[in-house]
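J.: Pasting a structure below so you can have a look.
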Amino acid sequence: MTVLEKLPTRPLNMLVPQSDLEAMLAREIDERCHRKVTKRLALQLAQAVLQDDHDGMFFAEKLAERLQVRLRKEVALKEIYIDRPSRK
731 MTVLEKLPTR PLNMLVPQSD LEAMLAREID ERCHRKVTKR LALQLAQAVL
781 QDDHDGMFFA EKLAERLQVR LRKEVALKEI YIDRPSRK
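Add 730 to a position in the sequence shown, counting from 1, and you land on the number used in the working numbering.
Right, here's the structure in full:
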């Protein structure tokens, strides 16, 4: 299931003002994403979702698909070189 399939087709009444929601998402993304490319992609996708911009979501999703291989390699390298306990 893609991001586009998960979205409602009509706007919902928001309990939180959109500006507050955007700020909360930006802060959460900043805390969880450590690479600039990942942060930009996450922010782009979050903005597209909030604005119900299906073209923006499509392009962000395609970029995410292209970056998946690179991200998987980085995770593997992190597990090998950083997370693994050092041998003495």
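Even glycine gets a Cβ: it sits at the ideal position worked out from N, Cα and C.
For Ile759 and Ala778, which I take to be in contact (beta-carbon distance under 8 angstroms), what is that distance rounded to the nearest angstrom?
T.: Within the sequence shown, numbered from 1, the residue matching residue 759 stands at position 29. Within the sequence shown, numbered from 1, the residue matching residue 778 stands at position 48. With 8 angstroms as the limit, Ile759 and Ala778 do not qualify as a contact, their Cβ atoms being about 13 angstroms apart.
J.: With respect to 7 angstroms, is the separation between the Cβ of Ser749 and the closest non-hydrogen atom of the ligand SAM below this value?
T.: No copy of the ligand SAM appears in this structure; indeed no ligand is present at all.
J.: Just to confirm my understanding: we take Ala772, look at its own chain, exclude 5 residues before and 5 after, and list those with CB closer than 7 angstroms. What are they?
T.: The residue labelled residue 772 in the question sits at position 42 within the sequence shown. Same-chain partners within the cutoff: Ile759 and Cys763.
J.: Around the C-beta of Ala806, are 16 or more other C-beta atoms found within 10 angstroms, so that it is buried, or is it exposed?
T.: For the purposes of this step, residue 806 is identified with residue 76 of the sequence shown, where counting begins at 1. Exposed.
J.: What's the call for Ala790, buried or exposed, on a 16-neighbour Cβ count within 10 Å?
T.: Numbered from its first residue, the sequence shown carries residue 790 at position 60. Under this definition Ala790 is a buried residue.
J.: Just checking my contact of Leu780 with Glu752 at CB under 8 angstroms: how many whole Å lie between their CB atoms?
T.: Taking the sequence shown and counting its residues from 1, one reaches residue 780 at position 50. Taking the sequence shown and counting its residues from 1, one reaches residue 752 at position 22. With a Cβ gap of about 6 angstroms, Leu780 and Glu752 count as contacting.
J.: Report yes if the C-beta distance between Gly786 and Gln774 is below 8 angstroms; otherwise report no.
T.: By 1-based counting over the sequence shown, the position of residue 786 is 56. By 1-based counting over the sequence shown, the position of residue 774 is 44. In contact: Gly786 and Gln774 (Cβ atoms closer than 8 angstroms).
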